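Asks: Numbering (this note's numbering), first residue to last: 246 to 706.
Using N, Cα and C, we set each Cβ at its ideal position, and we do this for glycine too.
Only a predicted model underlies this, so the values are computations on that prediction, with no experimental measurement involved.
Pasting a structure below so you can have a look.
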């Protein structure tokens, strides 16, 4: 079974073919708790909530080609199997790991015959589609394009980078997100009560134990259910026959210690205080909150990720070395672990807290993203288009482009966007002060070439 089969729901078995209860219970808990329909599906309310596009399409049996991507244990394969239950289409499955071109051609030929002779469409589910090479993915394209099959691909990788552009352009892309702690907590509770799960066992699980498993499962339902099953099967019953899953048992089952804080919110409050202390240029406060997190047993990678984000978000171009040092601290912490990881993390914390601050990068990309998402998509100007292929110049691609290095100071006034936009506004902080001087000089040259004065902040955006 492929790794994303957590919620895979096979076609409804006939009553006489159903496995005996003791045989079914030999399956992993994660397999037994597969959702049978959307009402049992955990999480993903952003695409499956009432009124959402994908839910409407599934309920109306109007599925087109789809690609699901997201981390393991988020229900990609499960969702495909639920769709299979609710559709009148024939459901076929291929694996990006196990299937070859011959398997693909056989399935596609059968789908074409089925459509021609019976009028029945086929849903082709390809698990780990990113594992198919370009040639294998190209085999799918004609039948996807002609409607012989409706493709459902599942991948843990961003399809815009790992799936051929023609397939992506013919598919709707849905991102499945890590499950929330509440999603996982509810799933664990259901597994304890459901006869398919652990309901046949006499189990008492403390809330703090379930919360701990839910929190440390990183949004992965399979990981959470596997940890619960290990706890249930390895804990001896008490004299009254009850299997008691305590926090200590849960810690051992998921093989991570509980973070020691005064209350549930302290975990988030402490990391918030840590980040805000660095942003506020107080190295002493930042070191205290760092020490508290280290003492509480936080994952060093969790702390390091926040330092990296902060270096780019709040220091930015005022001191570009902050991001370099933060990333080096991340790699060192991941490599050496506790207790020595506290040293590179402390070094990065002090450097970032004492560095000049600028959020110009955040503001710039935010403004650009807003334009792209809400405005008209700008075409690439003809002179900037790729000219490194036969016939490009006949289309006018690359004609008139000026090579910056052929001009004084390696700068030439040239239209690079085809519209008047200004997103980046450099500050006077640290290294960025020099960047600002260069940018303002270039912008003045552009304005002069157009017979304009220098533009004020935000003008033309």
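If you drop the 5 nearest sequence neighbours on each side, which residues of the same chain put their C-beta closer than 7 angstroms to that of residue 321?
Replies: Excluding positions up to five away in sequence, the list reads 249, 313, 315, 399, 421.
Asks: Assign residue 536 to one of two classes, buried (16 or more other C-beta atoms within 10 Å of its C-beta) or exposed (fewer than that).
Replies: Classification of residue 536: exposed, given that the 10 Å Cβ count is below 16.
Asks: How big is the Cα-Cα spacing for residue 694 and residue 687?
Replies: Approximately 11 angstroms between the Cα atoms of the pair.
Asks: Between 564, 327, 479, 466, which lies nearest to residue 679 when the distance is taken from Cα to Cα?
Replies: Measuring from the Cα of residue 679, the nearest candidate turns out to be 564.
Asks: What separation, rounded to the nearest whole angstrom, lies between the Cα atoms of residue 349 and residue 484?
Replies: Cα to Cα, residue 349 sits roughly 57 angstroms from residue 484.
Asks: How long is the line joining the alpha carbons of residue 187 and residue 366, rounded to whole angstroms?
Replies: No answer is possible for residue 187: the residues shown for the chain start at 246 and end at 706.
Asks: Can you tell me whether residue 563 sits near the ligand SAH, meaning its C-beta is under 6 angstroms from at least one heavy atom of the ligand?
Replies: In the structure shown, the ligand SAH is absent, as is every other ligand, since no ligand is present at all.
Asks: Alpha carbon to alpha carbon, what distance is there between residue 329 and residue 306?
Replies: Rounded to the nearest angstrom, the two C-alpha atoms are 10 angstroms apart.
Asks: Can you list, in chain order, the stretches of the alpha helix (DSSP H) that have 4 or more residues and sit fully within the region 299-355?
Replies: Listed in chain order, they are 321-331.
Asks: Runs of 3 residues minimum, wholly inside the region 457-533: which ones carry the beta strand (DSSP E) assignment?
Replies: For the region 457-533, whole beta strand (DSSP E) runs of length 3 or above, ordered along the chain, are 488-490.
Asks: Could you round the C-beta distance between residue 413 and residue 405 to whole angstroms and report it? I think they count as a contact, below 8 angstroms.
Replies: At roughly 6 angstroms, the Cβ-Cβ gap stays under 8 angstroms, so residue 413 and residue 405 are in contact.
Asks: Taking just the CA atoms, how far does residue 296 sit from residue 393?
Replies: Taking the straight line joining both Cα atoms gives about 28 angstroms.
Asks: Could you pull out every unbroken alpha helix (DSSP H) segment of at least 4 residues lying fully inside the region 344-425, listed in chain order?
Replies: The qualifying runs are 346-363, 379-391, 404-407, 410-414.
Asks: Which same chain residues end up closer than 8 angstroms to residue 696 when comparing Cβ atoms and leaving out the 5 residues on each side of it in sequence?
Replies: The answer is none, since no qualifying residue turns up.
Asks: Pop quiz: residue 558 and residue 607 are said to be a contact at Cβ under 8 angstroms. What is the actual Cβ separation, rounded to whole angstroms?
Replies: That belief holds up - the Cβ atoms of residue 558 and residue 607 are roughly 5 angstroms apart, short of 8 angstroms.
Asks: Quick check: residue 436 and residue 492, are their CB atoms within less than 7 angstroms of each other?
Replies: Taking 7 angstroms as the Cβ cut-off, residue 436 and residue 492 do not qualify as a contacting pair.
Asks: Roughly how many angstroms lie between the CA atoms of residue 541 and residue 497, to the nearest whole one?
Replies: Their backbone Cα atoms lie some 17 angstroms apart in a straight line.
Asks: How far does the beta strand (DSSP E) with residue 245 in it extend, from its first residue to its last?
Replies: Given a span of 246 to 706 for the chain in the structure shown, any question on residue 245 remains unanswerable.
Asks: If I measure Cβ to Cβ from residue 363 and keep anything under 8 angstroms in the same chain, skipping five residues before and after, which residues do I get?
Replies: Around residue 363: no qualifying Cβ.
Asks: Using the Cβ count rule (16 or more neighbours within 10 Å means buried), how would you classify residue 638?
Replies: Its Cβ having fewer than 16 others within 10 Å, residue 638 is exposed.
Asks: Exposed or buried, what is residue 465 when buried is set at 16 or more other beta-carbons lying within 10 Å of its beta-carbon?
Replies: Buried.
Asks: Is it buried or exposed, residue 403, if we count other Cβ atoms within 10 angstroms and call 16 or more buried?
Replies: Residue 403 is exposed by the Cβ-count criterion.
Asks: Would you tell me roughly how many angstroms separate the C-alpha atoms of residue 433 and residue 472, rounded to the nearest one?
Replies: Spanning the two alpha carbons is a distance of roughly 10 angstroms.
Asks: Going by beta-carbon coordinates alone, are residue 389 and residue 415 separated by less than 7 angstroms?
Replies: Contact flag set, yes.
Asks: How about the region 561-579 and the region 613-620: do they share at least three Cβ pairs that are nearer than 8 angstroms?
Replies: At 8 angstroms Cβ cutoff, the stretches do not touch.
Asks: For the alpha helix (DSSP H) that contains residue 666, what are its first and last residues?
Replies: Element bounds for residue 666: n/a, residue is neither H nor E.
Asks: I'd like to know whether the C-beta atoms of residue 661 and residue 612 end up nearer to each other than 7 angstroms.
Replies: No, the Cβ-Cβ distance between residue 661 and residue 612 is not below 7 angstroms.
Asks: Whole-angstrom Cβ separation of residue 482 and residue 599, contact assumed at under 8 angstroms?
Replies: Rounded, the Cβ-Cβ distance is 57 angstroms, inconsistent with contact.
Asks: DSSP state of residue 287, grouped into three classes?
Replies: Residue 287 falls in the coil class under three-state DSSP.
Asks: Report, in whole angstroms, the separation of the C-beta atoms of residue 468 and residue 582, which I expect to be a contact under 8 angstroms.
Replies: Their Cβ separation, rounded to whole angstroms, is 20 angstroms, which puts residue 468 and residue 582 out of contact at 8 angstroms.
Asks: Could you check whether residue 395 and residue 374 sit closer than 7 angstroms to each other, using their CB atoms as the reference points?
Replies: No; because the gap between Cβ atoms is not below 7 angstroms, this pair is not in contact.
Asks: So if DSSP puts residue 448 in a beta bridge, which residue, or which two residues, is it bridged to?
Replies: Residue 448 is bridged to 488.
Asks: At what residues does the alpha helix (DSSP H) containing residue 572 begin and finish?
Replies: That run of the alpha helix (DSSP H) goes 566-581.
Asks: Using the three-state DSSP reduction, which class does residue 433 fall into: helix, strand or coil?
Replies: Three-state result, residue 433: helix.
Asks: Please state whether the Cβ-Cβ distance between residue 579 and residue 546 is less than 7 angstroms.
Replies: Yes, the pair counts as a contact, with Cβ atoms nearer than the cut-off.
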